[in-house]
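Reading the first sequence from the start, the letters are residues 106 to 316 in my numbering.
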Amino acid sequence: MERIGTVLPRDFYARDAAEVAPCLLGKLLCRRTEQGLCAGMIVETEAYQGPLDDAAHSYGGHPTERTRVMYGPAGHAYVFSIYGMHSCLNAVTADIGQPQAVLIRALEPMEGLALMEARRGTADPRLLCSGPGRLCQALGITRAQNGLDLTGEELFIAEYRDYPKAGICVSPRVNIDYATVYRDRLWRFFLKENPCVSAVPRRYAPRGILE
DNA sequence: TGTCCGATTGGT
DNA sequence: CCAATCGGACAG
106 MERIGTVLPR DFYARDAAEV APCLLGKLLC RRTEQGLCAG MIVETEAYQG
156 PLDDAAHSYG GHPTERTRVM YGPAGHAYVF SIYGMHSCLN AVTADIGQPQ
206 AVLIRALEPM EGLALMEARR GTADPRLLCS GPGRLCQALG ITRAQNGLDL
256 TGEELFIAEY RDYPKAGICV SPRVNIDYAT VYRDRLWRFF LKENPCVSAV
306 PRRYAPRGIL E
């Protein structure tokens, strides 16, 4: 594989989520456990900008037990469970007290394929990490990793590849129809024509490229 | 304490 | 299209 680049410093995350989200595309998400190292290139993200964003868990700006880490310093993992059986990984962004985060929605598997396949129970490269729940299962990420420092050793993101703005598509965020005001914001970002981007309904087709 | 429900996934 | 499955959020 290509050499893993510099681990992203905390400064990288200390910006608005909508600014960080597209910048995470092409970066390498790495997970170290006793079982070994797994890594994949980030190919799809979504920005969540509480407390004004009515799609965000932090909407309203009132900290709860679940969203506590969103209010903390940037560059930490916000992991939540959903439907009682899946986990989703976010990178906390912005300043302390500003509960923003970027949801990692899909990876292109790059390292530790055998371990990912074992965890997922499939060898189909399109089913390994294409979806927020799937990539967490492939990398062995659960709520036990909530709050981890993303500049640390167990779970981190590193430089990897650079893509031009013309290679980045935008669309509305997936499955947030409960939102009204911020529902149609183009805050989903993904690599154009990358086969590992998650399969979503047609209404989430690309609306354009990154400005 | 009780009720409701989801930033998903996999199988009909 | 629909069920799985459970902790968090919130009402009372």
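No residue lacks a Cβ here, since even glycine has one placed at the ideal position from N, Cα and C.
Buried versus exposed, by CB contacts within 10 Å (16 or more), residue i
{"i": "residue 132", "result": "buried"}
{"i": "residue 142", "result": "exposed"}
{"i": "residue 313", "result": "exposed"}
{"i": "residue 210", "result": "buried"}
{"i": "residue 228", "result": "exposed"}
{"i": "residue 300", "result": "exposed"}
{"i": "residue 257", "result": "exposed"}
{"i": "residue 287", "result": "buried"}
Whole-Å CB distance - residue i paired with residue j, under 8 Å assumed
{"i": "residue 304", "j": "residue 276", "result": "Residue 304 to residue 276, Cβ: 13 Å. No contact."}
{"i": "residue 207", "j": "residue 150", "result": "5 Å"}
{"i": "residue 148", "j": "residue 213", "result": "5 Å"}
{"i": "residue 127", "j": "residue 273", "result": "6 Å"}
{"i": "residue 263", "j": "residue 110", "result": "5 Å"}
{"i": "residue 266", "j": "residue 243", "result": "Contact doesn't hold; Cβ gap of about 20 Å is too wide."}
{"i": "residue 204", "j": "residue 155", "result": "4 Å"}
{"i": "residue 186", "j": "residue 248", "result": "5 Å"}
One or two residues paired with residue i in a DSSP bridge
{"i": "residue 145", "result": "134 and 214"}
{"i": "residue 195", "result": "183 and 208"}
{"i": "residue 273", "result": "296"}
{"i": "residue 262", "result": "134"}
{"i": "residue 235", "result": "211"}
{"i": "residue 152", "result": "207"}
{"i": "residue 256", "result": "261"}
{"i": "residue 98", "result": "Absent from the model: residue 98. The displayed extent of the chain is 106 to 316, so no value can be given."}
{"i": "residue 112", "result": "263"}
{"i": "residue 313", "result": "275"}
Close Cβ partners of residue i (< 8 Å) along its chain, the five nearest in sequence each way excluded
{"i": "residue 259", "result": "136, 137, 138, 250 and 253"}
{"i": "residue 268", "result": "130, 131 and 296"}
{"i": "residue 285", "result": "159"}
{"i": "residue 125", "result": "117, 118, 152, 196, 198 and 207"}
{"i": "residue 171", "result": "162 and 185"}
{"i": "residue 316", "result": "270"}
Sequence-distant residues of its chain with Cβ nearer than 7 Å to residue i (five each side left out)
{"i": "residue 230", "result": "214"}
{"i": "residue 271", "result": "314"}
{"i": "residue 174", "result": "181, 183, 197, 251 and 252"}
{"i": "residue 123", "result": "152, 154 and 292"}
{"i": "residue 53", "result": "Outside the modelled stretch of the chain, which goes from 106 to 316, sits residue 53, for which no answer is possible."}
{"i": "residue 168", "result": "176"}
Check: residue i C-beta below 7 Å from any heavy atom of the ligand GTP
{"i": "residue 126", "result": "Among the ligands in the structure shown, none appear at all, so the ligand GTP cannot be discussed."}
Same chain, Cβ closer than 6 Å to residue i, five either side skipped, listed in chain order
{"i": "residue 279", "result": "305 and 309"}
{"i": "residue 233", "result": "214, 221, 225 and 243"}
{"i": "residue 261", "result": "112, 135 and 255"}
{"i": "residue 283", "result": "none"}
At least three beta-carbon pairs within less than 8 Å, the stretch 113-130 to the stretch 172-179: yes
Given 8 Å, three or more beta-carbon pairs between the stretch 238-257 and the stretch 188-203: yes
Stretch-stretch touch, CB-based, cutoff 8 Å, three pairs: the stretch 144-164 with the stretch 285-297: yes
The stretch 220-231 touching the stretch 132-145, judged by at least three CB pairs closer than 8 Å: yes
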